[in-house]
Amino acid sequence: MYVDIDPSDYRVLHPRPAYLIVSRSRDGVLNVMAASWVMPVSEEPPYIILSIERGNKTHENILDTKEFTINIVGEEHVNIVYKAGTVSGRKINKWEMLGLKPAPSKYISVPGIQGSYGYIECVVSNTFRAGECDLFMCEPKAIHVRSDLYEKYGWNLRKARILLHMRGRVFVVPGKLVFAEKK
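Under the numbering used here, the first residue of the sequence shown is numbered 10, with each subsequent residue one higher.
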């Protein structure tokens, strides 16, 4: 039996990976926010879309500099992700508050986060309006991953406890690999 739910309840599409987005203001101040509305949209050429609500500090920084990093995080980062998603970057320097350390980027001025599972250097190529959000379509300029967690075909989920967001302060991590039957 199915029941109807409110068509605006986007959480039916959750859990989704939780990411930390790092941006830099025009005057060089780093900011970090939590985001889960991130997805690849093209392979050739590679493009990723990040959806951010207009009016927040990260949105302003990305509009100004056209670059950011997407940081892939795990279970051990849950409190950082939650705090980054519940405090305004306009009121406090979240980078300093969270005690984050920069990981070097090769092609952009925005660093990754030291200790993350990996990070993607992104340069914005286009912006689209979608409701209260802007969609930043970006080109990944470099991807850096921890060699102990990433293998030829992707994340080693026996080691990488990728953090998924359900709602509010509720998160989950993958607990079991499930394989489809071979054709």
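All C-beta atoms in this analysis are idealised placements derived from N, C-alpha and C, irrespective of residue type, glycine included. Predicted, not measured: the structure shown is a model, and the values here were computed from it.
Using the Cα positions of residue i and residue j, report the straight-line distance between them to the nearest angstrom.
i      : j      : result
Pro49  : Ile58  : 6 Å
Ile71  : Glu190 : 43 Å
Lys115 : Val12  : 50 Å
Lys150 : Ser32  : 15 Å
Asp143 : Val96  : 20 Å
Thr136 : Phe145 : 5 Å
Leu158 : Gly124 : 12 Å
Lys103 : Met42  : 8 Å
Phe77  : Gly184 : 30 Å
Leu166 : Ser51  : 24 Å
Tyr128 : Val119 : 11 Å
Arg178 : Gly98  : 19 Å
Pro24  : Ile14  : 17 Å
Gly64  : Ser156 : 37 Å
Glu85  : Lys92  : 13 Å
If I'm right that residue i touches residue j with Cβ under 8 Å, what's the distance once you round it to whole angstroms?
i      : j      : result
Ile171 : Gly94  : At roughly 17 Å, the Cβ-Cβ gap does not stay under 8 Å, so Ile171 and Gly94 are not in contact.
Val182 : Met175 : The Cβ separation is near 11 Å, so there is no contact.
Ser45  : Pro26  : 6 Å
Ile79  : Tyr28  : 5 Å
Thr74  : Ile30  : Going by Cβ atoms, the distance from Thr74 to Ile30 rounds to 13 Å, so no, they are not a contact pair.
Any idea what DSSP makes of residue i, helix, strand or coil?
i     : result
Met10 : coil
Glu69 : helix
Run the CB neighbour count on residue i, radius 10 Å, all protein chains shown included, and call it buried at 16 or more, exposed below.
i      : result
Tyr19  : exposed
Val47  : buried
Asn40  : buried
Gly121 : buried
Ala169 : buried
Leu109 : buried
Gly163 : exposed
Ile101 : exposed
Glu141 : exposed
Met10  : exposed
Answer yes or no: does any C-beta atom of chain D fall closer than 7 Å to that of residue i?
i      : result
Asn165 : The structure shown has no chain D; it contains just one protein chain.
**Prompt:** Hey, which unbroken runs of the beta strand (DSSP E) at 3 residues or more fall wholly within the region 80 to 131?
**Reply:** Listed in chain order, nothing qualifies, since the region 80 to 131 has no complete beta strand (DSSP E) run of 3 or more residues.
**Prompt:** Which full runs of the alpha helix (DSSP H) of 4+ residues lie inside the region 16 to 52, going along the chain?
**Reply:** If only complete runs of 4 or more residues are kept, the region 16 to 52 shows no alpha helix (DSSP H) anywhere.
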